[in-house]
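Reading through the structure tokens given below for one structure.
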Amino acid sequence: MRNRASNTLSKGKIRQSWSKYNLYNMQRFRSPPTTNRTFFQQKWSAKAASRAYHGEQVREGQWKRMFNHRIRSVIPMNASDLAADDGSLVSSGRGSGLDKGGKPAYQTRPTPYTHMTFAPLERRLDVAIFRALFASSARQARQFVIHGAVTVNGQKMKHPSYLLNPGDLFQVDPDRVLYATGHTKTPYERRQGRLTRRKGKAQGLEGAEEAEAAPEAEESKETAKEETKETEKEDTKETLKALLAQAKSVMSAGKNTLAPQRKQELRGFQQAVRRVLSRSESSTVLADSLEAQFSQLTLLLKAKRSEKNPEKKDVKPRPEDAFATDRGDAELASAKKDTEATASDKLSEAFAQATLGNEVDASELSDEEFDTLKRALTQMRDNPLDNSKTYSTPWQPRQYMSAFAFIPRYLEVNQNICAAVYLRHPVARPGSAEVPTPFGESIATPAYGWYLRRRW
Amino acid sequence: MPPRMQSRSVSNTLLPYLTSTSSSSSSLSSIPSLSSTSSQCLSRQFSATAAPQAQTKLRRQMFEWLNNEGSIFKHHVPGETNYLTRLKQRGNEGSETPRPFPNNQHFISEPILSEELRNEVYNRVVEQKKSVRVVSVELGIDMKRIAAVVRLVELENRQRAQGKPLALPYARAVHEMVPTTPLAEKGERQTYHEPINDLPAHPLTGSQIFYPVPESRSFNRVEAGRVFSGAPAMEHSEAAEISHPSDLAEKIMEDPNSIGWVGKGANARQILQPADVRIPHPHLVAQERDRLAHPNERLAVADLQSKRLERQDALEKERRERLQARREKKTTIVSPEDSRFNYRIKDTIYTTETTGVDGRGSKATGRRYGVPHRDRTRGEVKVPTRVEA
Chain X
1 MRNRASNTLS KGKIRQSWSK YNLYNMQRFR SPPTTNRTFF QQKWSAKAAS RAYHGEQVRE
61 GQWKRMFNHR IRSVIPMNAS DLAADDGSLV SSGRGSGLDK GGKPAYQTRP TPYTHMTFAP
121 LERRLDVAIF RALFASSARQ ARQFVIHGAV TVNGQKMKHP SYLLNPGDLF QVDPDRVLYA
181 TGHTKTPYER RQGRLTRRKG KAQGLEGAEE AEAAPEAEES KETAKEETKE TEKEDTKETL
241 KALLAQAKSV MSAGKNTLAP QRKQELRGFQ QAVRRVLSRS ESSTVLADSL EAQFSQLTLL
301 LKAKRSEKNP EKKDVKPRPE DAFATDRGDA ELASAKKDTE ATASDKLSEA FAQATLGNEV
361 DASELSDEEF DTLKRALTQM RDNPLDNSKT YSTPWQPRQY MSAFAFIPRY LEVNQNICAA
421 VYLRHPVARP GSAEVPTPFG ESIATPAYGW YLRRRW
Chain F
1 MPPRMQSRSV SNTLLPYLTS TSSSSSSLSS IPSLSSTSSQ CLSRQFSATA APQAQTKLRR
61 QMFEWLNNEG SIFKHHVPGE TNYLTRLKQR GNEGSETPRP FPNNQHFISE PILSEELRNE
121 VYNRVVEQKK SVRVVSVELG IDMKRIAAVV RLVELENRQR AQGKPLALPY ARAVHEMVPT
181 TPLAEKGERQ TYHEPINDLP AHPLTGSQIF YPVPESRSFN RVEAGRVFSG APAMEHSEAA
241 EISHPSDLAE KIMEDPNSIG WVGKGANARQ ILQPADVRIP HPHLVAQERD RLAHPNERLA
301 VADLQSKRLE RQDALEKERR ERLQARREKK TTIVSPEDSR FNYRIKDTIY TTETTGVDGR
361 GSKATGRRYG VPHRDRTRGE VKVPTRVEA
């Protein structure tokens, strides 16, 4: 199928996509005028606008067959209301309840039924993948399905038009999801990836030669050992200071920092941590869990958690989730909130003291410093630098993603494994409809009317 | 004729290529460089035609918006939503309902379960062995969602054990962008995630019916359901037995076959039951009624409720086992020793119900014997309608 779903500015159509063009189109979209236009024209333009968003990859005839004029809705029930009245109060008098000062016994908001016109399309596998935030557009979701990266209930499903049944579990390959939702690679990163690939190839060819050169490798190992011995002699305080400074620069590097520079910092921190950890007696530390690594690290550096920290309880620690993603965003957030701003101030102060001031005992760390170290370590493990990936590493969300990020209620998503369950069909309830649609009443109702046409 | 002055600018055909670099660079920086535009003006002082623009007006406007107003959407702020409606709300910075679409007032970005709440659900169901119904009422999460969460966490644990790749940074980012329902700290009351007692609107209730009832008579939900489904009014003795519609819920829980039928043959359908029966948690209504009846005896009410739930669980378990036993009785499973497959053999039931009047019903075995299925013809795409879990 040819992809005609481009985000043109002249047409200004809204698509199921996270592109910035789409964001701009969504922001400037106005409902088509109704004055001096026939009902047919109004319905036609409403249909055109809504079909450009809802299932533009589905042929019109196919969609017409899927359309159903009956729309699912629910009414949330209050148990105490049900217990207090068996229904006779509502039907008392002349059939609509006794009049009490002009107010009806039950007040309900209207249910937006026509916003649910395209509910049957939300059952499609490709649309559900897009709604679960696993792909950056419905077209991309469709491609993931066709390319065999999606399973339904553990079996590979190659049909994007598969209609999910309530209770179906679908899962997308995590690498594809990271690619779809992450930053694209910069030319520098692409080049680095190419170089490593080339190196890998060359190594594959020289595999036989390497066996001969084994003694040389041993020699280099010995030199490495010597190096570690040297580092052992170094003052642990100094190492800790350097490590903290590195961790700080890694965690605070903004968007403006050039990519190569950032990568160098990251790599430097990684090497520093390795160097410290290699001093430990157990040989498995580098492969151990994060907690073990962290405790080993602090042990080796003879770092203690300072006990005099009365202000710590006032500043509520941010949840672990807020850490270790985007450094630029972390900065933004810290600038936003007062409490966080003070925390970051304290942090920078502590670092300044740790790096410059001699009077402060560097091996006694505050909680924030511990946090920073731990955060940097977490990021190193969960979000490593890897140029062989198809997305920019360390992973960060693509630009403008947050403006499109919502997960409808009829899906239950586990982002860690990129799997989701289609719980039930979307429903309308008083005051809200579950089908995500960017259009208001003035488009939803005429579009619904258009598809009712055959039924009158 | 005086000598013509030669224009130093190149021909028009080349212009777009020459100016494209300067204008594209100006699009990147928010302020277009003055020097480049003025130099263009100088070089074109004798040209009557307007300079063709490398960027259309729309494109220029878009980048202008993206660099000024739209720049807030480029990166997210952890713990906050960042939707287009933020532009309008700027004046009154308040905690309004998060709406992703500025034109659609009826779509709300609902909160998702936080990581801790998800693990708590799994803990309560799998480790503490509480029933799904109880956990649903405790945490205010729909029963279907609880089942899904347990399934997903189990899958996650399995994948972690197998060392399969996970999308941890992505998960963190999504949880920062989308509103979440946190797990209450100890001693605090858990905020409800979603309404758990949703009553699905029945198609039968869509019609408007004129049904005259004497003003002196009380007309309750049970009777309304009968009117909607076209069933005759109840006998007085039968109606007198039901003091409140929620009595029916307990009766039906014990004996699901006690729901009456209307119509004949293919048109036969069950009588529409009152909302007290059709909601997912009918026991909550019974509990409220207990509370109304004994306002000062909280312990006794709680005791009654726990007994009711135990009884309901026992009944449901018994029913499930009975169904399973019946299913097993019907099928024989043959598993040959040197085979990968299990053969499930069922007896064919050849009646009008299963095969239809003409013997060609859709559920009949070997229907249209000798005639190939349509899906065997050329070019027919077979999209499965369901995948067995």
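Keeping their order, the protein sequence lines are chains X and F.
Residues in the first sequence are numbered consecutively from 1, following UniProt numbering.
Residues in the second sequence are numbered consecutively from 1, following UniProt numbering.
Glycine included, every Cβ here is placed at the ideal spot set by N, Cα and C.
| According to DSSP, is Asn416 of chain X helix, strand or coil? | coil
| field | Supposed contact pair Met157 of chain X and Val145 of chain X - C-beta distance, whole angstroms, cut 8 angstroms | value | 7 angstroms
| field | Where the alpha helix (DSSP H) through Gln27 of chain X begins and ends | value | 20-28
| message | Can you tell me whether residue 421 of chain F is buried or exposed? The criterion is at least 16 other CB atoms within 10 Å of its CB, across all chains shown. | response | One cannot answer for residue 421 of chain F here, as it falls past the ends of chain F, which runs 1 to 389.
| said: Buried or exposed, going by whether 16 or more other CB atoms sit within 10 Å of the CB of Lys201 of chain X? | reply: exposed
| Using the C-alpha atoms, what's the distance from Gly356 of chain F back to Thr348 of chain F? | Roughly 14 angstroms between the two C-alpha positions.
| Beta-carbon proximity list for His193 of chain F, same chain, < 6 angstroms, skipping 5 on both sides | Gly140, Ile141, Thr181
| task | With DSSP collapsed to three states, give me the class of Asp168 of chain X. | result | Here Asp168 of chain X sits in strand by DSSP.
| message | By DSSP's criteria, Gln270 of chain F is part of a beta bridge. Which residues make up the other side? | response | The bridge partners DSSP lists for Gln270 of chain F are F:Trp261.
| Which of the three DSSP states, helix, strand or coil, is assigned to Tyr113 of chain X? | DSSP places Tyr113 of chain X in helix when its eight states are reduced to three.
| request: Label Tyr343 of chain F either buried or exposed according to how many other C-beta atoms from any shown protein chain fall within 10 Å of its C-beta, with 16 as the threshold for buried. | output: Classification for Tyr343 of chain F: exposed.
| query | Whose C-beta lies closer than 8 angstroms to the C-beta of Arg123 of chain X among residues of the same chain, with five residues either side of it excluded? | reply | Leu163, Leu164, Tyr422, His425
| said: On the DSSP letters alone, give me the boundaries of the beta strand (DSSP E) that Thr445 of chain X sits inside. | reply: Unbroken run through Thr445 of chain X is the alpha helix (DSSP H), 441-452; no beta strand (DSSP E).
| query | Of the choices X:Val152, X:Arg142, X:Ser161, X:Ala444, whose alpha-carbon is the least far from that of Gln62 of chain X? | reply | Minimum Cα-Cα distance from Gln62 of chain X among the listed residues X:Val152, X:Arg142, X:Ser161, X:Ala444 corresponds to X:Ser161.
| query | Would you call Ala302 of chain F buried or exposed, if buried means 16 or more other Cβ atoms sit within 10 Å of its Cβ? | reply | exposed
| message | Please tell me whether Ala180 of chain X and Ala135 of chain X are closer than 9 angstroms, where the distance is taken between their beta carbons. | response | yes
| request: Could you tell me whether any Cβ in chain X is nearer than 9 angstroms to the Cβ of Val383 of chain F? | output: yes
| Mind checking whether Leu272 of chain F and Leu199 of chain F have CB atoms under 9 angstroms apart? | Going by C-beta atoms, Leu272 of chain F is not nearer than 9 angstroms to Leu199 of chain F.
| Span separating the alpha-carbon of Thr186 of chain X from that of Gly193 of chain X | 11 angstroms
| message | When you compare the CB positions of His183 of chain X and Gln16 of chain X, do they come within less than 9 angstroms of one another, or not? | response | no
| query | In angstroms, rounded to a whole number, what distance separates the CA positions of Ile146 of chain F and Lys382 of chain F? | reply | 33 angstroms
| request: Could you list which residues in chain X have their beta carbon closer than 8 angstroms to that of Leu292 of chain F, in chain order? | output: Ordered by position in chain X, the residues that pass the 8 angstroms Cβ test against Leu292 of chain F are Ala83, Ala84.
| said: Looking at the strands, I want to know which residues DSSP matches up with Pro76 of chain X. | reply: F:Asp198
| message | Which residues does DSSP list as the beta-bridge partners of Ala180 of chain X? | response | Note: Ala180 of chain X sits in no beta bridge, so no partner.
| message | For residue 458 of chain X, would you say it is in contact with chain F, using Cβ-to-Cβ distances shorter than 9 angstroms as the test? | response | Outside the modelled stretch of chain X, which goes from 1 to 456, sits residue 458 of chain X, for which no answer is possible.
| task | Spell out a yes or no on whether the region 159-169 of chain F and the region 403-422 of chain X are touching, meaning 3 or more CB-CB pairs, one atom from each, closer than 8 angstroms. | result | yes
| query | Distance, Cα to Cα, Val262 of chain F vs Ala224 of chain F? | reply | 15 angstroms
| chain F within 9 angstroms of Asn414 of chain X, Cβ atoms only | yes
| request: Tell me, please, whether the region 71-90 of chain F touches the region 20-38 of chain X by the rule of three or more beta-carbon pairs shorter than 8 angstroms. | output: yes
| Would you say Ser73 of chain X and Thr111 of chain X are within 9 angstroms of each other, going by their C-beta atoms? | yes
| task | Closer than 7 angstroms by C-beta to Gln155 of chain X: which residues in its own chain qualify, once you throw out the five before and the five after it? Chain order, please. | result | none
| query | When the Cα atoms are used, what is the spatial distance from Gly12 of chain X to Ala119 of chain X? | reply | Each residue's alpha carbon lies about 23 angstroms from the other.
| Using DSSP with H/G/I as helix, E/B as strand and the rest coil, what is Ala217 of chain X? | Because Ala217 of chain X carries a pLDDT of 42, less than 50, the predicted location of this residue cannot be relied on, and no value is offered for it.
| task | Pick out whichever of F:Ser243, F:His281, F:Gly187 has its Cα sitting closest to the Cα of Ser131 of chain F. | result | F:His281
| Can you check whether the CB of Phe370 of chain X is closer than 9 angstroms to the CB of Ser31 of chain X? | no
| request: Mind reading off the beta-carbon distance from Phe73 of chain F to Ser402 of chain X? Whole number of angstroms is fine, and I expect it under 8 angstroms. | output: 7 angstroms
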